[in-house]
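To start, the structure itself, in structure tokens.
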Amino acid sequence: MNTVRKLYESDGQGTVHVDLEVGAPHRRVEVVLVWQEIDGAQPPPEAVEKKRAEIEALAGALSDDPLVRPVQPLLETRLPIE
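If you read the sequence shown in the numbering used here, its first letter stands for residue 2, the second for the next number, and so on.
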């Protein structure tokens with residue numbers, strides 16, 4: 002299964018035209034279309050995918066450079082509270 006995510010803007014009649022290239026002529030495909038109205042406050046899907054890729058690139062980044070905690074000094078001895 003392939004996923005394509007793009008933002009489209011409807012025309013004057015409120016219709017969105019989607020051209021989907023599948024890579025080969027006369028190929029049978031099933032298309033599932035889900036739409037959701039968005040406002041300008043949401044980041045575009047490209048930005049979300051870029052951020053996700055950046056975060057995934059960090060996974061395991063320190064696996065070949067393990068962190069070592071230095072030896073901790075002993076705690077000071079305090080007088081008991083009376």
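Here a beta-carbon is modelled for each residue, glycine too, at the ideal position from N, C-alpha and C.
Task: Whole alpha helix (DSSP H) elements within the region 2-74, 4-residue minimum - done: 46-59
Open item on the list: Could you check whether the Cβ of Asp66 sits closer than 7 Å to any heavy atom belonging to the ligand COA?
Closed with: This structure does not include the ligand COA; it has no bound ligands of any sort.
- [ ] Look at the alpha carbon of Leu59 and the alpha carbon of Pro71, and state the distance between them as a whole number of angstroms.
- [x] Spanning the two alpha carbons is a distance of roughly 24 Å.
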